[in-house]
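Notes to accompany the following structure.
2 protein chains.
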Amino acid sequence: MPEYKAPLRDMRFVLNEVLDLDGHYAKLGLEEVNSELLNAFLDEGAKFSENELAPLNRSGDEEGCHFEDGVVTTPKGFKEAYAKYVEGGWPAINGDPEFGGQGLPGSASIAISEMTGTANWSWSMYPGLSHGAVATIEEHGTDQQKNAYLPKLTSGEWTGTMCLTEPHCGSDLGILKTKAEPNADGSYSITGTKIFISAGEHDMAENIVHIVLARLPDAPKGTKGISLFIVPKFLTDGNGGVGERNAVACGSIEHKMGIKASATCVMNFDGATGYLIGPENKGLNCMFTFMNFARLGTAIQGVAHAELGFQGGLAYARERLAMRSLSGPKNPDGPADPIIVHPDVRRMLLTSKAFAEGGRALVYLCAQLGDQVKLARDDAEREQAHDLMALLTPIAKAFVTEVGLEAANHGVQIYGGHGFIREWGMEQNVRDARISTLYEGTTGIQALDLLGRKVMMTQGQALRNFTKIVHKFCEAHGDNGELKELIEPVARYNREWGELTQAIAMQAMQNPDYVGAASVDYLMYSGYVTLAYLWARMAAKAQEQLDAGAGDEDFYKAKISTARFYMKRILPRAAGHKGAIEGGLDCLMELDQEHFAF
Amino acid sequence: MPEYKAPLRDMRFVLNEVLDLDGHYAKLGLEEVNSELLNAFLDEGAKFSENELAPLNRSGDEEGCHFEDGVVTTPKGFKEAYAKYVEGGWPAINGDPEFGGQGLPGSASIAISEMTGTANWSWSMYPGLSHGAVATIEEHGTDQQKNAYLPKLTSGEWTGTMCLTEPHCGSDLGILKTKAEPNADGSYSITGTKIFISAGEHDMAENIVHIVLARLPDAPKGTKGISLFIVPKFLTDGNGGVGERNAVACGSIEHKMGIKASATCVMNFDGATGYLIGPENKGLNCMFTFMNFARLGTAIQGVAHAELGFQGGLAYARERLAMRSLSGPKNPDGPADPIIVHPDVRRMLLTSKAFAEGGRALVYLCAQLGDQVKLARDDAEREQAHDLMALLTPIAKAFVTEVGLEAANHGVQIYGGHGFIREWGMEQNVRDARISTLYEGTTGIQALDLLGRKVMMTQGQALRNFTKIVHKFCEAHGDNGELKELIEPVARYNREWGELTQAIAMQAMQNPDYVGAASVDYLMYSGYVTLAYLWARMAAKAQEQLDAGAGDEDFYKAKISTARFYMKRILPRAAGHKGAIEGGLDCLMELDQEHFAF
């Protein structure tokens with residue numbers, strides 16, 4: 001597989017041109033942030049990702065993490081790369097300036113997260129998970145807690161984790177069992193077992209700060225009896241350093257299909273000292289902010305694997321010679337044509353490209369909305385951004401990871417049998433991608449969140465807010481001759497989206513299980529339409545730049561061309577999902593569970 | 001993952017009830033073959049697969065094959081299981097009785113191949129690849145060649161391979177370079193490197209007989225200059241035993257994503273002694289018979305992984321407790337409901353079940369057609385079977401492996417995060433499945449074969465022959481009240497299939513590249529419609545048995561229920577593929593290959 005090249009031109013197109021972050025920052029009153037600063041970040045981030053992280057991606061997969069007596073050793077070079085990352089100040093980009101952070105909004109670092117993640121997803125999980133712990137302490141911690149943990153977490157000298165899942169429960173946190181018993185000094189004794197804790201133990205940082213979901217004695221059953229605790233690996237010494245070792249230890253690490261260089265830990269809390277963060281029994285509420293963040297972080301993974309599949313596939317498709325073009329030789333002096341001349345190879349490449357670039361636009365848009373949720377001066381604007389982000393996040397998480405996995409598989413497919421061989425790296429891309437539709441809420445869970453919570457529980461309002469935006473966009477650009485053929489299908493599907501939603505709502509009133517029956521197909525349908533809107537928006541911006549004579553013609557024309565491909569060859573898939581939804585609920589439920597197999 | 005249970009009831013349903021093999025054998029004059037014999041085979045095959053092979057599936061994956069100094073060591077237990085297989089007489093089922101075979105037709109062993117393959121695909125590749133060598137020698141060998149190789153290959157004491165691919169060519173065999181230079185004694189010296197040779201070297205058999213594609217001196221360029229050679233690892237001693245070692249050696253084995261216990265070898269031929277088989281320069285023609293066989297063998301792999309994904313997913317879905325049913329608790333005394341109550345989990349299970357059982361019906365039907373091609377007494381019948389098999393084979397190979405991979409992924413998805421962990425075995429199922437859409441001709445190659453060669457080159461005749469069969473079936477059963485809702489969509493899509501084909505043909509006349517642009521979506525469309533026909537046929541048979549009071553009501557009702565699920569929730573996907581085809585060619589070709597990335 002060729003070395004990863006950060007797609008800087010495309011990132012800048014989305015950030016600076018499509019999303020107009022300069023205007024966005026000005027509106028938010030962030031005068032110190034602008035595209036000049038962002039561009040400098042992007043260049044540095046690309047260098048770091050390409051030179052420090054990408055070279056460790058294959059070796060990290062081959063070597064994996066090692067576990068012995070509670071100690072986790074990360075693959076060769078991981079620790080050193082992390083030290084450089086800390087030295088470069090990268091962990092602090094978004095942190096609170098009061099604790100050493102640079103205070104930049106999420107949209108300013110989203111492309112950096114994409115680059116580090118694409119270069120080496122396993123590695124990026126170590127700093128990536130810290131963000132959740134930081135965000136939780138920033139938002140819900142006491143001053144004392146902030147002072148104790150944020151400086152070192154912000155600098156990256158310490159890392160953090162989120163400890164949610166237990167052996168018997170993942171999606172259904174309401175049944176978790178980890179106990180928190182109050183101690184005389186106001187702290188708590190935390191006892192229980194957590195699994196699937198990414199970066200739960202490793203050799204990169206001096207201390208690891210766990211945010212742990214647990215139950216207080218006599219807490220109400222279910223999700224309303226969960227509280228959050230800070231449980232550091234080493235207790236603090238009161239002077240910003242580490243003190244005594246806490247009673248939390250890694251019991252083992254998982255042997256996984258992919259992301260093998262990311263340590264996935266079983267964490268045993270054996271009366272470990274913990275500190276309540278946020279109000280009692282409101283732990284899940286406190287998690288919600290973080291969850292959107294984490295889901296967006298996983299959506300990036302979809303972009304990452306689509307991009308890698310695309311880059312790898314493109315390099316091979318240009319080089320590998322096989323067969324002649326059906327419309328006549330294109331490389332008459334060679335023994336065969338490069339496979340990029342074959343329409344079906346182009347179909348796979350363009351599909352991956354459309355998902356990588358479209359997914360990027362969606363994820364970056366969500367990051368922009370995240371800024372507004374946090375920083376918009378106007379209440380209405382904040383609320384509007386919040387609602388839109390709430391709607392788009394499950395789509396970004398589930399749809400982008402599903403199509404990212406598809407694109408990773410196209411990467412393998414373009415290589416033929418060679419795609420199955422480890423040395424080419426394309427199969428690793430599929431193995432690494434496979435987790436993305438599972439963790440941080442499976443596709444099924446995201447789909448229920450989208451259709452059940454975001455759409456149905458708002459009586460469709462959240463969706464209408466968005467389809468109105470799409471509708472206005474289509475009205476504004478529908479008369480543009482060049483764009484007409486791209487706008488028309490978006491407008492049509494956007495209308496159909498509303499109708500389909502109403503039809504589902506009618507059925508769901510009869511039987512709430514209808515929501516579950518429709519959910520995943522609905523999510524995929526929504527994803528295809530959302531990406532169609534973003535592709536039309538990108539094409540409109542590209543056309544505007546062409547009309548303005550902005551230069552870079554090949555880039556803008558390629559954008560419009562890819563948008564056309566998306567509308568003509570990808571968007572029609574939505575019809576299949578619509579048909580499946582209309583197939584209804586009964587045929588899913590009628591078979592007795594004893595009669596599935598004989 | 002639960003131990004594999006061979007789905008004997010379903011196998012018997014397809015073989016004895018749907019395909020009526022008793023009637024089929026009687027018609028072919030095979031008086032000694034009947035369902036009683038088949039049933040005994042199935043029972044024994046199930047025991048062998050469940051008890052000997054399935055237990056080695058995970059350990060084989062973990063251990064893999066080892067290579068040192070040209071010697072390949074298979075994982076623990078593989079050699080012993082193979083010895084039992086030979087001892088049990090399994091390799092000889094289909095072999096020519098003149099050389100120790102039992103002379104049974106392909107349909108009599110197809111379920112055995114499915115069982116051994118599902119229990120342990122990697123293991124099944126060793127005997128599986130032999131069949132190609134045997135078929136080639138049986139059909140094209142001289143008497144001397146047959147006498148020299150067939151007895152030991154038929155008994156399984158020796159195994160065989162097919163050596164096609166070279167480092168620079170796989171799909172495009174026309175550019176292969178391996179040379180065959182004539183020796184004075186009538187043999188040839190074979191020189192070249194072959195890659196991706198499954199079972200090219202191993203420790204299970206005394207000798208390995210390679211069938212090698214190579215070029216004679218001054219052979220015409222391209223596919224018309226390829227000849228076939230027998231190149232044994234050990235030359236024969238003239239008395240049925242092995243003599244001198246030949247100059248062919250394994251240079252290395254590949255490190256792969258899956259089927260790790262199957263040795264995928266680089267084979268170096270260094271002036272190895274080879275014997276021409278079949279006429280000079282007609283090697284590819286001689287391969288055609290074998291290729292259909294090999295593609296059908298790979299189609300079985302789709303069924304295998306769908307079945308494993310389904311069985312594993314079902315066991316977990318019944319056991320794992322998470323969340324409550326949206327329509328009220330189904331397990332009120334437990335902490336949560338088993339996840340099989342959730343519609344979306346059922347959707348994934350039923351999808352996998354529909355692909356496993358539908359794929360099985362398609363593959364077994366192809367095996368039945370294979371019998372007719374070989375044995376039908378009537379020329380017209382033979383030709384008709386041949387044409388139908390030619391049409392259905394690329395669909396079986398590509399579509400069944402694509403949906404098999406999808407089902408394997410559903411298996412992982414049902415397990416949530418646990419699906420990603422090796423110990424559960426579900427991720428191995430995905431890794432093992434991934435090769436099936438690549439080897440023996442990728443999905444793209446099969447799609448070109450289907451649309452270009454089988455449909456377009458017969459001016460649609462081969463397709464019309466099949467749609468006529470489907471049409472007649474629908475006419476015969478459309479009035480059956482119970483079946484109406486299942487027959488109607490089959491009839492509709494069957495009509496549309498013909499129309500879609502005509503529309504493609506019109507476009508392809510303008511530009512032959514249109515075939516490549518439509519091919520994979522056309523193949524998938526064809527697969528969904530073909531499986532719909534088979535599901536309707538299975539439902540009709542089940543209804544007939546119910547009407548006749550044949551007992552086993554739950555089984556037959558489950559069949560009809562699954563058919564309903566297929567028509568309502570799976571078949572609508574065809575609309576998405578139709579829409580993509582109609583998106584056309586231009587949007588695939590307009591982007592200059594230099595402008596895919598910036």
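Chains as they are written, first to last, in full-length UniProt numbering: chain A, 1 to 598; chain B, 1 to 598. Note that beta-carbon positions come from the ideal geometry of N, C-alpha and C, so glycine has one too.
Three-way DSSP call (helix, strand, coil) for residue i in this model
i                            : result
aspartate 61 of chain B      : helix
histidine 66 of chain B      : strand
residue 662 of chain A       : Residue 662 of chain A is absent from the structure shown; chain A starts at 1 and stops at 598.
histidine 210 of chain B     : strand
arginine 434 of chain B      : helix
lysine 256 of chain B        : strand
serine 526 of chain B        : helix
leucine 228 of chain B       : strand
proline 332 of chain B       : coil
serine 198 of chain B        : strand
phenylalanine 234 of chain B : strand
methionine 323 of chain A    : coil
asparagine 180 of chain B    : Looking at the sequence shown, residue 180 of chain B is not asparagine but alanine. In this structure, alanine 180 of chain B counts as strand in the three-state DSSP scheme.
threonine 74 of chain B      : coil
tyrosine 188 of chain B      : strand
Option in the options with minimal Cα separation from residue i
i                           : options                                : result
asparagine 239 of chain A   : A:Asn147, A:Ala272, A:Pro75, A:Thr458  : A:Asn147
valine 373 of chain B       : B:Val363, B:Tyr25, B:Gln384            : B:Gln384
alanine 517 of chain A      : A:Lys541, A:Ala563, A:Leu588           : A:Leu588
isoleucine 487 of chain B   : B:Ala26, B:Ala508, B:Thr530, B:Asp61   : B:Thr530
threonine 178 of chain B    : B:Ala354, B:Pro512, B:Leu216           : B:Leu216
lysine 76 of chain A        : A:Phe99, A:Ser122, A:Glu32, A:Asn94    : A:Ser122
phenylalanine 67 of chain A : A:Arg569, A:Lys5, A:Glu201             : A:Glu201
threonine 562 of chain B    : B:Ala184, B:Lys353, B:Glu166, B:Ala322 : B:Lys353
glycine 274 of chain A      : A:Ile259, A:Ile570, A:Asn429, A:Tyr188 : A:Tyr188
residue 619 of chain B      : B:Phe48, B:Leu451, B:His471, B:Tyr533  : As displayed, chain B neither begins before 1 nor continues past 598, which places residue 619 of chain B out of reach and without an answer.
glycine 583 of chain A      : A:Ile504, A:Ala548, A:Phe555, A:Gln593 : A:Ile504
isoleucine 195 of chain A   : A:Leu8, A:Cys250, A:Arg245, A:Lys468   : A:Cys250
asparagine 120 of chain B   : B:Tyr82, B:Gly549, B:Tyr316            : B:Tyr82
Cβ-Cβ separation, residue j to residue i (assumed contact under 8 Å), whole Å
i                           : j                         : result
valine 209 of chain B       : isoleucine 190 of chain B : Their Cβ separation, rounded to whole angstroms, is 13 Å, which puts valine 209 of chain B and isoleucine 190 of chain B out of contact at 8 Å.
serine 519 of chain A       : glycine 444 of chain A    : 7 Å
glycine 45 of chain B       : isoleucine 137 of chain B : Contact doesn't hold; Cβ gap of about 25 Å is too wide.
lysine 84 of chain B        : glutamate 52 of chain B   : 6 Å
glutamate 357 of chain A    : aspartate 10 of chain A   : 6 Å
tyrosine 4 of chain A       : glutamate 50 of chain A   : 6 Å
phenylalanine 99 of chain A : proline 151 of chain A    : 5 Å
threonine 442 of chain B    : alanine 407 of chain B    : Not really, about 19 Å apart at Cβ, beyond 8 Å.
alanine 532 of chain A      : methionine 567 of chain A : 6 Å
Proximal chain C residues relative to residue i, where beta-carbon distance stays under 8 Å
i                         : result
asparagine 511 of chain A : Absent from the structure: chain C. Protein chains present are A and B.
Runs of alpha helix (DSSP H) wholly within the stretch 348-384 of chain A (minimum 4 residues, chain order): none
Inspect the CB distances between the stretch 381-401 of chain A and the stretch 300-310 of chain A and report whether three or more fall short of 8 Å. yes
Which runs of the alpha helix (DSSP H) fall wholly inside the stretch 82-148 of chain B and span at least 4 residues, in chain order? 110-119, 121-140
Report the start-end ranges of each alpha helix (DSSP H) in the stretch 242-309 of chain B that is 4 residues or longer and not cut off at the edges. none
Return the chain-ordered ranges of every alpha helix (DSSP H) run that is complete within the stretch 7-37 of chain B and spans a minimum of 4 residues. 8-12, 21-28
Can you list, in chain order, the stretches of the alpha helix (DSSP H) that have 4 or more residues and sit fully within the UniProt domain "Acetyl-CoA dehydrogenase-like C-terminal" (466-592) of chain A? 484-510, 513-547, 553-565, 573-582, 586-589
Would you call the stretch 310-318 of chain A in contact with the stretch 407-418 of chain A, where contact means no fewer than 3 C-beta pairs closer than 8 Å? yes
Answer yes if the stretch 433-441 of chain B comes into contact with the stretch 255-266 of chain B, meaning at least three C-beta pairs across the two stretches below 8 Å, and no otherwise. yes
Which runs of the alpha helix (DSSP H) fall wholly inside the stretch 387-457 of chain A and span at least 4 residues, in chain order? 400-414, 426-434, 443-448
Tell me, please, whether the stretch 153-169 of chain B touches the stretch 126-142 of chain B by the rule of three or more beta-carbon pairs shorter than 8 Å. yes
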